[in-house]
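Same order as they appear, the protein sequences are chains A and B. First residue of the first sequence? That's -3 in the numbering used here, and the numbers climb one at a time after it. First residue of the second sequence? That's -3 in the numbering used here, and the numbers climb one at a time after it. Step one of this worksheet: look at the structure below.
Protein chains: 2
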Amino acid sequence: MNVTGHTTGEPASRTSRSVSIRDVAAAAGVSYQTVSRVINQSPRVKQSTRQLVLAAIEDLGFRPNRAARTLAGGPIGSVTVLTPNTTLYGYACTLNGIEEAARAAGFAVGIRVLESDAEEAITDAVARAIEPGTALIVIAHDRIGARALAAVPPGVPLAAYVETPVGDEAGGPPRVWIDDRKAAYDATRYLLGLGHTTVHYVAIPSSTEASQRTAGWRMALEEAGGPVPEPVQGGWHPRSGYEAGRVLAGDPSVTAVLCGNDDLAVGVIRAMHEAGRPIPASVSVVGFDDMPQSEFLTPALTTVRLDFTQLGRACFALVGPFLDPRGEPVPPAPLPQPELIVRESAGPAPSR
Amino acid sequence: MNVTGHTTGEPASRTSRSVSIRDVAAAAGVSYQTVSRVINQSPRVKQSTRQLVLAAIEDLGFRPNRAARTLAGGPIGSVTVLTPNTTLYGYACTLNGIEEAARAAGFAVGIRVLESDAEEAITDAVARAIEPGTALIVIAHDRIGARALAAVPPGVPLAAYVETPVGDEAGGPPRVWIDDRKAAYDATRYLLGLGHTTVHYVAIPSSTEASQRTAGWRMALEEAGGPVPEPVQGGWHPRSGYEAGRVLAGDPSVTAVLCGNDDLAVGVIRAMHEAGRPIPASVSVVGFDDMPQSEFLTPALTTVRLDFTQLGRACFALVGPFLDPRGEPVPPAPLPQPELIVRESAGPAPSR
DNA sequence: CTGAAAGCGCTTACAG
DNA sequence: CTGAAAGCGCTTACAG
């Protein structure tokens, strides 16, 4: 009952033929090549004839045909985003930032989700994402994204959002990252500073064995000379945080838990609650992301704010050099710095 | 420090010329028209020559050029999604469902966010979203989306996700909706059944003055003969729920609050908590959506589950008739039914 | 500064 | 069942 059908019986109908540069040329009394020059911001057009053409474009409601432009070898006019996910907070915001920047620069954005981690599915997704006239942005912060990034052949206009690289920062495609290591280091130090003997870590999936968030957490622990517990590998969702939390809750020596994202923290907190361990009196929990909900939870979540929208904008800026030099210039975007937001879910270590 | 630059100095480089149907034709020893027939599933090709061509395609790694296909008047090969948002849970899931279904059917998906509600911005967004060879899907569940939908000229291959229509369900573009009215009605009845004298409503933005969720809530209230308080107009985010909650918390007659989404419910619950009104002992709160976090909150959120991913798939299925009849058939997708998930945030009305 | 040419990679008719 | 033609709407050279 909640769907209405088509009113016409014509399948696969096409919009009526739209106005072309020839129509514009005729209206303006010039050749169509001149129209092409005008829409491509060529400087080699007399000011007065430019006005004539512009007026005709306006009158006729002309819009250049993207397919024709691409086919004729025009400049890149779109970006497609290859991502393992569109609904998780960080991915959704990154996509949003890319779309916003792309739209501002006059570019279309395509999206393709990397659903499976089968090798063939990944190479197929990459192959389909590569099209003449479009640049590629890969969200490669986890394993599947990283594998897709690795599968992009050379020569493709490309940028990526990656995990903090370990060493070899030069070479490869242009990319941005958040300083995961420092963020985790800072959050861990904060908890240690609250008097906790050690900090447990529930990790989100990583693109590498040696995740840089894990590295930052470990570094802080080692510096402080505290014990370094085995990190718990979690997924992305609250449920896996909950499962990790149930295990952790049973261990009385656990008094502080750092979580790879806020969703995990929500799950850990729930598990602690069910186990009768009050937050933060018995256990302190810190997340990553600062989702819109986090500040309104009870207890309000102490978390590391990560500005993914800004990161998305920065990512788009990276493909700027590949794009039409005559379009809207793409300003380099400043990269966001992670910021610890102190709220209610972490407190002093319980006295023994 | 967290960005690496380009390694080559060549701006706007293009991928090296890829293999065309002529290359395939040469390799297979046929004319390029025959190759065209093969890739378009034409039945008028001898089985043996089809095999020849297919083998050549495989060998050469041929992929048809989308721009050329579109320009030559081939079938629709992509959908672009026009949406007011990509990061809110419902929108993100709907987009995800569309992308998933589109990918399965072999279609590219584009996305364009309706950022501003200025008339010009909307018509401009619509105009840019309409391109030869692409169908349009408009997420029109709120005012800005509905205005964009209204601005789509006739003749464009189009489908939409809309609010439950009031009466005139026939005519117009094909569209899907969730039964908002019944869902709100059911949730309100549930609260009433718990002994609450009335139920307050904090609404999400709607595409119409007379939102059907509001109508369902009102209908349940009127049926029960209880008082019908003025609905509170909220936004999408927890903060506006929090603000509404602060006002509601001050009114002792408020014992049950229905919220237009889970984010709003999170904000209301926080406000109640701060005002010293325990949930659900003093106030019951019910949300809409059932986000992944909701079941792990404390109290776990009682909410109406809305399957937006399925809705997205159903929405894509609606553009099926416009698409290439020779591609993967797009099966009609069943529409999700809202389902009340009873958890901890609603309980019996407090005794007076 | 402006016009006429050639061609991008395909797809539909149209012939055989 | 298969081939040769014309053209989709643009863009880059090339001429003037």
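Ideal placement from N, C-alpha and C gives every residue a C-beta, glycine not left out. As the structure is a computational prediction, the values presented were derived from the model and not from experiment.
Legend entry - Simplified DSSP assignment, three categories, for Gly241 (chain B): As a working note, residue 241 (chain B) is residue 245 in the second sequence. Three-state DSSP puts Gly241 (chain B) in a helix.
Inset, instruction - Have a look at Trp232 (chain B) and Arg309 (chain B) and give me their C-alpha separation to the nearest angstrom. - result: Position 236 of the second sequence, counting from 1, holds the residue named residue 232 (chain B). Position 313 of the second sequence, counting from 1, holds the residue named residue 309 (chain B). When rounded, the distance between both Cα atoms is 23 Å.
Inset, instruction - Verify the CB distance criterion: does Ala63 (chain A) have a CB-CB separation below 8 Å to chain B? - result: Here residue 63 (chain A) is taken as the residue at index 67 of the first sequence, counted from 1. It does; some Cβ of chain B falls within 8 Å.
Inset, instruction - Please report the residue range of the beta strand (DSSP E) in which His196 (chain B) lies. - result: Sequence index remark: in the second sequence, residue 196 (chain B) carries index 200 (1-based). Taken as a continuous stretch (DSSP letters only), the beta strand (DSSP E) holding His196 (chain B) covers His196 to Ala199.
Inset, instruction - Give the single residue among B:Ile275, B:Leu67 and B:Arg139 whose Cα lies nearest to the Cα of Val158 (chain B). - result: Locating residue 158 (chain B) in the second sequence gives position 162, where the first residue counts as 1. Residue B:Arg139 is the option with its Cα nearest to Val158 (chain B).
Legend entry - Residue-level contact to chain B via CB, His137 (chain A), 8 Å cutoff: Stepping through the first sequence from its first residue, residue 137 (chain A) is reached at position 141. No, no contact with chain B.
Inset, instruction - Using alpha carbons as the reference points, say which of A:Pro201, A:Tyr197, A:Ser207 and A:Leu217 lies closest to Leu188 (chain A). - result: Indexing the first sequence from 1 puts residue 188 (chain A) at position 192. With distances taken between Cα atoms, Leu188 (chain A) lies closest to A:Leu217.
Legend entry - Interface residues of the region 247 to 260 of chain B facing chain A [CB-CB below 9 Å]: Asp258 and Asp259
Inset, instruction - Within its chain, find whatever has a CB closer than 6 Å to the CB of Ala24 (chain A); leave out the 5 residues flanking it on each side and keep chain order. - result: If you number the first sequence from 1, residue 24 (chain A) lands on position 28. Answer for Ala24 (chain A): Leu48, Val49 and Ala52, listed in chain order.
Inset, instruction - Quick one: residues in its chain with C-beta nearer than 8 Å to the C-beta of Ser207 (chain B), no 5 flanking neighbours on either side, listed in chain order? - result: Within the second sequence, the letter at position 211 stands for residue 207 (chain B). Cβ neighbours of Ser207 (chain B) beyond the five flanking positions: Glu159, Asp176 and Ala199.
Inset, instruction - Could you check the C-alpha separation between Ala131 (chain B) and Ser202 (chain B) for me, to the nearest Å? - result: As a working mapping, residue 131 (chain B) is identified with position 135 in the second sequence. As a working mapping, residue 202 (chain B) is identified with position 206 in the second sequence. Their backbone Cα atoms lie some 25 Å apart in a straight line.
Legend entry - Any beta strand (DSSP E) of 3 or more consecutive residues that is wholly inside the region 120 to 205 of chain B: 130 to 136, 154 to 158 and 196 to 199
Legend entry - Residue-chain proximity (Thr66 (chain A), chain B), Cβ-Cβ < 8 Å: Reading the first sequence from its first residue, position 70 is the one you call residue 66 (chain A). Yes, its Cβ sits closer than 8 Å to a Cβ of chain B.
Legend entry - Sequence-distant residues of its chain with Cβ nearer than 8 Å to Ala142 (chain B) (five each side left out): The sequence position of residue 142 (chain B) within the second sequence is 146, counting from 1. Excluding positions up to five away in sequence, the list reads Ala136, Val158, Glu159, Ser203 and Thr204.
Inset, instruction - Give the residues of chain B in contact with Gly106 (chain A), contact being defined as C-beta atoms less than 9 Å apart. - result: Indexing the first sequence from 1 puts residue 106 (chain A) at position 110. Residues of chain B passing the Cβ test: Ser74, Thr76, Ala104, Val105, Gly106 and Ile107.
Legend entry - Run of the beta strand (DSSP E) containing Leu78 (chain B), from where it starts to where it stops: Working through the second sequence from its first residue, we reach residue 78 (chain B) at position 82. Taken as a continuous stretch (DSSP letters only), the beta strand (DSSP E) holding Leu78 (chain B) covers Ser74 to Thr79.
Inset, instruction - Count the CB pairs spanning the region 277 to 288 of chain B and the region 60 to 75 of chain B that are closer than 8 Å, and state whether there are at least three. - result: no
Legend entry - Near-chain B residues of the region 263 to 291 of chain A (beta-carbon distance less than 8 Å), N- to C-terminal order: Gly263, Ile265, Arg266, His269, Pro288, Gln289 and Glu291
Legend entry - Residue from A:Lys178, A:Leu78, A:Arg273 and A:Cys255 with nearest C-alpha to Glu127 (chain A): The residue labelled residue 127 (chain A) in the question sits at position 131 within the first sequence. Residue A:Leu78 is the option with its Cα nearest to Glu127 (chain A).
Inset, instruction - Compare the C-beta of His2 (chain A) against all C-beta atoms of chain B and say whether one is closer than 8 Å. - result: Here residue 2 (chain A) is taken as the residue at index 6 of the first sequence, counted from 1. Annotation note: pLDDT 46 at His2 (chain A) (below 50); position unreliable, coordinate value reported separately. Yes, because at least one Cβ of chain B sits closer than 8 Å to the Cβ of His2 (chain A).
Legend entry - Contact list for Ala123 (chain B) against chain A, beta-carbon separation under 9 Å: Residue numbering aside, residue 123 (chain B) sits at position 127 when the second sequence is read from its first letter. Simply Gly57 and Arg59.
Legend entry - Test: Val197 (chain A) CB closer than 8 Å to a CB of chain B: Along the first sequence, read from residue 1 onward, the residue named residue 197 (chain A) stands at position 201. Before going further, note that residue 197 (chain A) is Tyr rather than Val in the sequence given. Taking Cβ atoms only, chain B never reaches closer than 8 Å to Tyr197 (chain A), which makes this a no.
Legend entry - Cβ-based burial, Pro170 (chain B) [other Cβ within 10 Å; buried from 16]: In the second sequence, counting from the first residue as 1, residue 170 (chain B) sits at position 174. Flag for Pro170 (chain B) reads buried.
Legend entry - Glu291 (chain A), buried or exposed, once every other Cβ within 10 Å from all chains shown has been counted against 16: As a position in the first sequence, residue 291 (chain A) is number 295, starting the count at 1. Its Cβ being crowded by 16 or more others within 10 Å, Glu291 (chain A) is buried.
Inset, instruction - Give me the Cβ distance between Ala21 (chain B) and Ser14 (chain B), rounded to the nearest whole Å; I'm assuming they're in contact under 8 Å. - result: For this step, residue 21 (chain B) is matched to residue 25 along the second sequence. For this step, residue 14 (chain B) is matched to residue 18 along the second sequence. Ala21 (chain B) to Ser14 (chain B), Cβ: 15 Å. No contact.
Inset, instruction - Please determine, among B:Ala277, B:Val315, B:Ile174 and B:Val264, the residue with the shortest C-alpha to C-alpha distance to Lys229 (chain B). - result: Your numbering for residue 229 (chain B) matches position 233 in the second sequence. Correcting the residue type first, residue 229 (chain B) is Gln in the shown sequence and not Lys. Comparing Cα positions, the closest option is B:Val264.
Legend entry - First through last residue of the beta strand (DSSP E) which encompasses Leu336 (chain B): By 1-based counting over the second sequence, the position of residue 336 (chain B) is 340. Glu335 to Ile337 is the extent of the beta strand (DSSP E) around Leu336 (chain B).
Inset, instruction - Can you grab the Cα-Cα spacing for the pair Val279 (chain B) / Gly272 (chain B), in whole Å? - result: Residue numbering aside, residue 279 (chain B) sits at position 283 when the second sequence is read from its first letter. Residue numbering aside, residue 272 (chain B) sits at position 276 when the second sequence is read from its first letter. Going by the C-alpha atoms only, they are around 10 Å apart.
Legend entry - Thr299 (chain B) - containing beta strand (DSSP E), residue span: Taking the second sequence and counting its residues from 1, the one referred to as residue 299 (chain B) is at position 303. Note, Thr299 (chain B): beta strand (DSSP E), Thr298 to Arg301.
Inset, instruction - Check Phe103 (chain B) in the structure and name its three-state DSSP category. - result: Along the second sequence, read from residue 1 onward, the residue named residue 103 (chain B) stands at position 107. Correct three-state label for Phe103 (chain B): coil.
Legend entry - Continuous alpha helix (DSSP H) stretch holding Val20 (chain A): start and end: Taking the first residue of the first sequence as position 1, residue 20 (chain A) is located at position 24. Taken as a continuous stretch (DSSP letters only), the alpha helix (DSSP H) holding Val20 (chain A) covers Ile17 to Ala24.
Inset, instruction - Below 6 Å CB to CB, which residues in the same chain sit around Pro227 (chain B) once its five sequence neighbours on both sides are set aside? - result: For this step, residue 227 (chain B) is matched to residue 231 along the second sequence. Only Tyr197, Ala199 and Thr210 meet the Cβ criterion.
Inset, instruction - Give the residues of chain B in contact with Gly129 (chain A), contact being defined as C-beta atoms less than 7 Å apart. - result: Indexing the first sequence from 1 puts residue 129 (chain A) at position 133. Ala63, listed in chain order.
Inset, instruction - Counting only the same chain and skipping the five closest in sequence on each side, list residues whose C-beta sits under 6 Å from that of Cys89 (chain B). - result: Residue mapping note: residue 89 (chain B) aligns to position 93 of the second sequence, counting from 1. For Cys89 (chain B), where only same-chain residues beyond five positions count, the Cβ hits under 6 Å are Phe304 and Thr305.
Inset, instruction - Quick one: give me the first and last residue of the beta strand (DSSP E) that Gly283 (chain A) is part of. - result: Working through the first sequence from its first residue, we reach residue 283 (chain A) at position 287. Ser280 to Asp285 is the span of the beta strand (DSSP E), which, as asked, contains Gly283 (chain A).
Legend entry - Contacting residues, own chain, Cβ-Cβ under 6 Å from Val195 (chain B) (five flanking each side not counted): For the purposes of this step, residue 195 (chain B) is taken as the residue at position 199 of the second sequence. Closer than 6 Å at Cβ, skipping near neighbours: Thr184, Leu187, Ala252 and Leu254.
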